[in-house]
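Just add 174 to wherever you are in the sequence shown, counting from 1, and you've got this note's numbering. From the three backbone atoms N, C-alpha and C, an ideal C-beta is built for every residue, glycine too. Structure first, commentary second.
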Amino acid sequence: MQKRAVALGGFGGFNLHGAGVLTALDRLERMPDLFTVTSGQIVVLAAWLRGEDVRRLLLEHRGASGGLLQAWQTALFGHKGVFRPVLGEHARRWLDVPLSPSAVLERLIPARQYAPVRDRDTVAEIARTLNEAEVGVVFNTYDFRSGNGLLHGNAAARRLMAGEVGLEDITAEAVESALWLYLYGFEEAPGGLIDGAYHRSIILSELHGFDEVTVAAPFPVSWIGPVPRNQLEVENWKIRQWFANSYKAEVARLRRVIELMERGTLNDPAYRIRSLTELPLRRHYGYFDYFTEKAEVFDDALAQALDHFGGGPAHEQRRAG
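As structure tokens, then:
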């Protein structure tokens, strides 16, 4: 019996990419055996497993259509339902007189710029949904002090990956950590763990025990925009490279496994992967497009996934990579 896995990545305002893939699976009734998710895709997957319309969920509070105006609104007022600015906390910090240059910097430009607004009940419900799911679910957190990542999985994931991958429990605190952006500060991080996407943007390399793996990267796998000509464009390039590079390393690892299996060099029965299909974001977006969900991102991911899972004309070409 073949085992299938789908890897989804969360990235800024591009969670609609994963939502499009999930919607395609729903329409085609093609439930995989396991999902791996990072960052905001944890929230999206939980909502999808509860039967919610994830497209509507992500678009209903998107505000402006993106660009500089949306970026300023987010900077000043936060992201509705996700985080808020901590201006009050900043002001109170000045009640303690800074006695060193580093203390002055902590007050002028503190690490903690925003605070998450999801309450404990919401986070606990996400953890409960993932734990009760019949499909396997794995997400990651990151211990930034040690430089090590942790994987958290439900009971179904433990059965599927038994003996191959060590999985921590899915708890409310683990979910909170997995959604903890660096903009929230480091001292306040629950359990000392932050969003695992900063360590690995997509969880992929552990999926060698699945026959078919599909990965939906919420960013282009190559630089498809104009050459950066100012510092904001350079910053956009840096952020995308940061997330894309860890992803490319994991893709390369699985493709090497497939190559060795095809040669007959690798015969370990724990290695079963025969195909790896990539469904990346296919459009360029600029620095001011972060935290702004766009309907066209969903539409393109939906079209790619329907073609792939439905066996469309481009399916075999993408399978070959």
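{"Query": "Please determine if the stretch 343 to 360 and the stretch 401 to 410 are in contact, where contact requires at least 3 C-beta pairs separated by less than 8 Å.", "Result": "no"}
{"Query": "Under the assumption that V291 contacts V256 (Cβ atoms under 8 Å), give the Cβ distance between them as a whole number of angstroms.", "Result": "7 Å"}
{"Query": "Just verifying my parser: in three-state terms, what is the DSSP assignment at S274?", "Result": "coil"}
{"Query": "What residues in its chain sit with their C-beta under 6 Å from that of H326, if we drop five residues either side in the sequence?", "Result": "F313, E342, I344, A348"}
{"Query": "To the nearest angstrom, how far is the alpha carbon of T296 from that of R437?", "Result": "49 Å"}
{"Query": "Which two residues bound the contiguous beta strand (DSSP E) that contains Y288?", "Result": "288 to 290"}
{"Query": "Go ahead and label T212 buried or exposed: buried means 16 or more other beta carbons lie within 10 angstroms of its beta carbon, across all protein chains shown.", "Result": "buried"}
{"Query": "Determine the direct distance from the alpha carbon of V401 to that of S320, and round the result to whole angstroms.", "Result": "35 Å"}
{"Query": "How many Å lie between A238 and L273 at the Cα?", "Result": "Any reading at A238 must be qualified, since the residue scores a pLDDT of 49, below 50, and its modelled position is unreliable; no value is offered."}
{"Query": "Which whole-angstrom value is the C-beta distance of L549 and L428, which I expect to be below 8 Å?", "Result": "Absent from the model: residue 549. The displayed extent of the chain is 175 to 495, so no value can be given."}
{"Query": "Identify the continuous beta strand (DSSP E) that holds V312 and give its terminal residues.", "Result": "310 to 317"}
{"Query": "Among the residues of its own chain, which have a CB less than 7 Å from the CB of G187, if the five just before and after it don't count?", "Result": "D463, Y464, F465, T466, E467"}
{"Query": "Can you tell me the Cα-Cα spacing of F472 and R258, whole angstroms?", "Result": "26 Å"}
{"Query": "Beta carbon of N189, beta carbon of P443: below 8 Å?", "Result": "no"}
{"Query": "For the alpha helix (DSSP H) containing E306, name the first residue and the last one.", "Result": "294 to 306"}
{"Query": "How would you call I283, buried or exposed, if buried means at least 16 neighbouring beta carbons within 10 angstroms?", "Result": "exposed"}
{"Query": "Could you name the residues that DSSP lists as bridge partners for E386?", "Result": "R178, S449"}
{"Query": "Identify which residue in R448, G262, S396 has its Cα closest to the Cα of L455.", "Result": "S396"}
{"Query": "Extract the residue ranges of the alpha helix (DSSP H) inside the stretch 343 to 416, only unbroken runs of 4 or more that lie entirely within it.", "Result": "346 to 352"}
{"Query": "How is F188 classed by DSSP in three states: helix, strand or coil?", "Result": "coil"}
{"Query": "State buried or exposed for D293, treating a residue as buried only when at least 16 other CB atoms are found within 10 Å of its CB.", "Result": "exposed"}
{"Query": "Would L196 be called buried (16 or more neighbouring beta carbons within 10 Å of its own) or exposed?", "Result": "buried"}
{"Query": "Comparing alpha-carbon positions, which option in L261, E306, M205 lies nearest A181?", "Result": "M205"}
{"Query": "Less than 8 Å between the C-beta atoms of R201 and L480, yes or no?", "Result": "yes"}
{"Query": "Assuming E229 and A193 are in contact, meaning their beta carbons sit under 8 Å apart, how far apart are those beta carbons, in whole angstroms?", "Result": "Sequence inspection shows Arg at residue 229; the Glu mentioned does not correspond to that position. That pair is a contact at about 6 Å."}
{"Query": "Check G327 in the structure and name its three-state DSSP category.", "Result": "strand"}
{"Query": "Under the rule that 16 or more other beta-carbon atoms within 10 Å means buried, what is E452, buried or exposed?", "Result": "buried"}
{"Query": "For the candidate residues D369, R302, L357, whose alpha-carbon lies nearest to that of A346?", "Result": "R302"}
{"Query": "Let me confirm a value: F483 is counted as buried when at least 16 other C-beta atoms fall within 10 Å, else exposed. Which label applies?", "Result": "buried"}
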